[in-house]
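Numbered according to the numbering used here, the sequence shown spans residues 111 to 307.
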Amino acid sequence: MKIFSLFLAVILFSSCSLNQKSINRSFNRSLYVANYLNFAFGYNAKADFPKIYQAVFASLNEIPDDVLEKVTNTRHPVLFTVNITTGIARWANSSEVNLAINSEHVFQNGFYLIKLADELENTSDTEAIEGIVLHELAHNYLDHLKKQKFSCDMEREANREVKKWGFEEKFLKAKKMFGSKERGDSPCHDQTATSLP
Ligand SMILES: [Zn+2]
């Protein structure tokens, strides 16, 4: 079964160029995302952090095509990992990046790492987690981390982008559940715009 999955992954990644101008709408997006996450989130993420995995999966499955194309471009891919904050693993833990794909140009231009807290797994509504993931994907899409200086405008711009993609409801759930509640929570906390991480 594992060999079959691997074969499928190779076929998928070689038949569906990640660098083409637009993604062919006839391709199986769910399968593409599942295989991408085997690479970018690791084989165990689905079993170890089912809600976080589900939120990441749903986010990639639902974002606009050009955003999916950018964030899954293996030359500069978005990778996901879970920050473990409890138990002995809080001192140190590792993530495996599986390169069982057509890897000639993988990481050619670096990578972008989204670190999600293990506490998110305690959230009852995965759509709120999705709101967080979408916000982080928006930072990547807008190349915010390539800029020299952090600004609160970037936070607002990322939030606007998530809404532009059509996820206002998920954004609001994330804002309600994870947004800064008091001064000191976030450098961007103010009365008018509750910020996300
Ligand atoms: Zn942010």
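Note that CB positions come from ideal geometry on N, CA and C, so glycine has one too.
Determine, using beta carbons only, whether residue i and residue j come nearer to each other than 8 Å.
| i | j | result |
| --- | --- | --- |
| T236 | A150 | no |
| I224 | T233 | no |
| Y146 | A155 | no |
| S169 | L244 | yes |
| N208 | N148 | yes |
| Y222 | L189 | yes |
| N193 | A248 | no |
Considering only heavy atoms of ligand 1, does any lie closer than 7 Å to the CB of residue i?
| i | result |
| --- | --- |
| H215 | no |
| H245 | yes |
| E265 | yes |
| P307 | yes |
| H249 | yes |
| A268 | yes |
Which residues share a DSSP beta bridge with residue i?
| i | result |
| --- | --- |
| T191 | K225 |
Quick one: Cα of residue i to Cα of residue j, how far?
| i | j | result |
| --- | --- | --- |
| S136 | S296 | 42 Å |
| M111 | R139 | Low confidence applies here, because M111 scores a pLDDT of 41, under 50, leaving its location unreliable; read the following figure in that light. The alpha-carbon atoms of M111 and R139 are separated by roughly 21 Å. |
| I242 | S204 | 22 Å |
| E267 | P160 | 29 Å |
| E229 | V181 | 24 Å |
| K274 | W201 | 39 Å |
| P307 | A210 | 32 Å |
| N171 | A284 | 18 Å |
| K291 | D175 | 34 Å |
| V259 | E265 | In the sequence as displayed, the identity of residue 259 is Lys instead of Val. Taking the straight line from one Cα to the other gives about 12 Å. |
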